[in-house]
Amino acid sequence: MDTPSGYLQETSAWAAQTFELRVPDSVSYEQLEALLAARLETLISEDFQQFVFLLYRIDVSEKKVASIIHDATGAGVSPYPAIAALIIQRQLEKIATRASFKQPPPAGEDDEERW
């Protein structure tokens, strides 16, 4: 996955808070995906309503998740890593979008003058 490391670190901090995960300070995309996949497995089996709420809040398509679950079940593989990847990708997109619209403050102005 080719993303700025700051985006991945911001995403890992977000995932730690949102999903109550213990995430190392320096984490790779693969490590984050594995940690989140394990948490999703627990969340889906213990509190499916919370899982659906989080999908809505994160803005992940329930149809995509349902498709992942259907395809994984048919193939006999775990759907959790693919769902985790979908969630991480969505969060990285949001961070990149925010960064692209972020404007630096005008040069030479202090806080009082901007007001």
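Yeah, the sequence shown ends on 167 if you go by the working numbering, and it's all consecutive.
The beta carbon of each residue, even a glycine, is placed where N, CA and C say it ideally should be.
Just so it is clear, the structure is predicted and the values come from calculations on it, not from any experiment.
query                                                                                                                                           : result
Should the region 121-129 be regarded as contacting the region 78-89, the criterion being three or more beta carbon pairs within less than 8 Å? : no
Distance check for Tyr132 and Trp66, CA to CA, integer angstroms please.                                                                        : 18 Å
With distances taken from CA atoms, which of Gln155, Ile121, Leu95 is nearest Thr70?                                                            : Leu95
Curious, which full-length beta strand (DSSP E) runs of at least 3 residues does the region 90-163 contain?                                     : none
Within a Cβ cutoff of 6 Å, which residues of the same chain sit near Phe103, ignoring the five residues on either side of it in sequence?       : Leu95, Ile96
To which residues of the same chain is Ser152 closer than 6 Å at the C-beta, ignoring the five residues directly before and after it?           : none
If the criterion is Cβ atoms closer than 9 Å, does the pair Ile139 and Leu92 meet it?                                                           : yes
Determine the DSSP secondary structure at Leu84, reduced to helix, strand or coil.                                                              : helix
Have a look at Ala148 and Ser64 and give me their C-alpha separation to the nearest angstrom.                                                   : 14 Å
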